[in-house]
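Reviewing the structure listed below.
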Amino acid sequence: MNAAPLAKMGLITMEVNLILAGLIGFGFGFMLERAGFGSAHRLVGQWYMRDWSVFKVMFTGVVTALFGVLILDGLGLMSFEALYLNKTYWGAQIIGGLVMGAGFVIGGYCPGTSFVALASGKLDALFYILGMSFGVLVFSEGWGYFETLQNLGSSGRLTLDEWLGLNPWLIAVVLLLVAVIGYRLTTALENKLKQ
Amino acid sequence: MEVLEKTMNGMTASENEHEVKRQPYWPNWAAGVGLGLILLAAFYIAGRGLGGSGALSRATGVVLHTVMTEHAESLDYFSRYYRGEYWMNDWLVFQMIGVFLGGLFGALTAGRFGKSVDKGESITNSQRFWYAFLGGGLMGWGARLARGCTSGQALSGGATLAAGSWAFMLALFLGGFATAYFIRGMWK
Numbered sequence: 001m002n003a004a005p006l007a008k009m010g011l012i013t014m015e016v017n018l019i020l021a022g023l024i025g026f027g028f029g030f031m032l033e034r035a036g037f038g039s040a041h042r043l044v045g046q047w048y049m050r051d052w053s054v055f056k057v058m059f060t061g062v063v064t065a066l067f068g069v070l071i072l073d074g075l076g077l078m079s080f081e082a083l084y085l086n087k088t089y090w091g092a093q094i095i096g097g098l099v100m101g102a103g104f105v106i107g108g109y110c111p112g113t114s115f116v117a118l119a120s121g122k123l124d125a126l127f128y129i130l131g132m133s134f135g136v137l138v139f140s141e142g143w144g145y146f147e148t149l150q151n152l153g154s155s156g157r158l159t160l161d162e163w164l165g166l167n168p169w170l171i172a173v174v175l176l177l178v179a180v181i182g183y184r185l186t187t188a189l190e191n192k193l194k195q
Numbered sequence: 001m002e003v004l005e006k007t008m009n010g011m012t013a014s015e016n017e018h019e020v021k022r023q024p025y026w027p028n029w030a031a032g033v034g035l036g037l038i039l040l041a042a043f044y045i046a047g048r049g050l051g052g053s054g055a056l057s058r059a060t061g062v063v064l065h066t067v068m069t070e071h072a073e074s075l076d077y078f079s080r081y082y083r084g085e086y087w088m089n090d091w092l093v094f095q096m097i098g099v100f101l102g103g104l105f106g107a108l109t110a111g112r113f114g115k116s117v118d119k120g121e122s123i124t125n126s127q128r129f130w131y132a133f134l135g136g137g138l139m140g141w142g143a144r145l146a147r148g149c150t151s152g153q154a155l156s157g158g159a160t161l162a163a164g165s166w167a168f169m170l171a172l173f174l175g176g177f178a179t180a181y182f183i184r185g186m187w188k
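Protein chains in written order, with this note's numbering: chain A, 1 to 195; chain B, 1 to 188.
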């Protein structure tokens, strides 16, 4: 019998869950700061290929959490099935991703890191956050026009292993290899540029 | 805007030095593993991943509903944000307060806290503020379209092997590389 996720198994109350949300957020913000992601210069360096920290930190984080999920699921300590899974909307996610990539380079941050930047005293992050709020407002005002786009390419609950017909462990191992090789290659690239 | 710019003129990173000596960033792998473990804790405890844009969307909805109630209620999309039953959004609000405090704690203990504007040398502060607003706008709009941002889609969706989230991640990097070329003067 799986004991986790704790909140979904009714093992913690909503109040405790919200307090833990604050603590998890604290750890998240702290890690982003230590990664150097309170700096727009460092973040934007990714798209000019001088600093690959965004790729390296993000990929390391994803692979770490993925192995954690698979191990806990395998040991029967946490149900993978019970985790919230983003539904797939190919069109919306690809178009949204492209637009957000542009927003990342122009604005210098992504939503989470902009709060860390603001907490570090970056004034430009405040304007970025106001801009995000405005973007949300535009989306809501134009919902009639954007609704079709938001549901474009709907494939429902779909995981990579289901889509490819492969074992999730195999995908995790491949991603680990991509992470290790990518990490080494991009670090070598950074060192070459520094010379 | 002009007043702000005047106060910011001549301000450089060197003025940010406080009593705490500036610490180096963590190596990428260490920050990445740390981030992954935090994400795993979110899965274990709440059964959901991290979010960067949900809390602000909710705040925007709540503020609009407070100042322009009738108008906000005429917008179908916003109703999810000011109605109470969406506790998941509340989870994100608490998480986001934590992110801000964690970032503040991190900056203070590493000697990186200080008022500054993060920009390329070729643009003015007010130009930077407008670009930040524009970039934030695209990100805010796009995050509603894609149902999440770098945290909710790329990190959390990536770690749960959500197929569309991996497509999102590729698109995000592609969009960034494509745009970077056209605005390369901005970050010099």
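Cβ coordinates follow ideal geometry from the N, Cα and C atoms, glycine included.
A distance below 6 Å between beta-carbons, with the five flanking residues on each side excluded, links G153 of chain A to the following residues of its chain, in chain order: Y89, W90 and G91. Cβ atoms of L130 of chain A and G136 of chain B come within 8 Å of each other, at about 7 Å.
Contact with chain B is absent for S154 of chain A, since none of that chain's Cβ atoms lies less than 7 Å from the residue's Cβ. Using a Cβ-Cβ cut-off of 7 Å, T150 of chain B counts as an interface residue toward chain A, since at least one Cβ of chain A sits closer than that to its own. In the DSSP assignment, S154 of chain A falls outside any alpha helix (DSSP H) and within the unbroken beta strand (DSSP E) covering S154 to G156. Residue burial is scored here from C-beta neighbours: H65 of chain B has at least 16 other C-beta atoms within 10 angstroms and is therefore classed as buried.
Cβ atoms of G176 of chain B and W169 of chain A stay farther apart than 8 Å, at about 31 Å. At a cut-off of 7 Å between beta-carbon atoms, I71 of chain A makes no contact with chain B. Residue state for K122 of chain A is assigned as strand, using DSSP reduced to three classes.
Classified as buried, N125 of chain B has 16 or more neighbouring CB atoms from the shown chains inside 10 Å of its CB. Chain B has no Cβ within less than 7 Å of the Cβ of G165 of chain A. Close to S57 of chain B, with beta-carbon spacing below 9 Å, are these residues of chain A in chain order: M132, S133, V136, F139 and S140. Three or more beta-carbon pairs separated by less than 8 Å link the region 15-29 of chain A to the region 92-107 of chain B, which places the two stretches in contact. With contacts defined by Cβ atoms closer than 7 Å, R50 of chain A and L193 of chain A form a contacting pair.
Around the beta carbon of K115 of chain B, fewer than 16 other beta carbons sit within 10 angstroms, so the residue counts as exposed. For S116 of chain B, the beta-bridge partners assigned by DSSP are A:K122. Contact annotation: in the region 69-102 of chain A, residues whose CB is within less than 8 Å of a CB in chain B are V69, L72, M78, F80, A82, L83, Y84, L85, N86, K87, T88, Y89, W90, A92, Q93, I94, I95, G96, G97, L98, V99, M100, G101 and A102.
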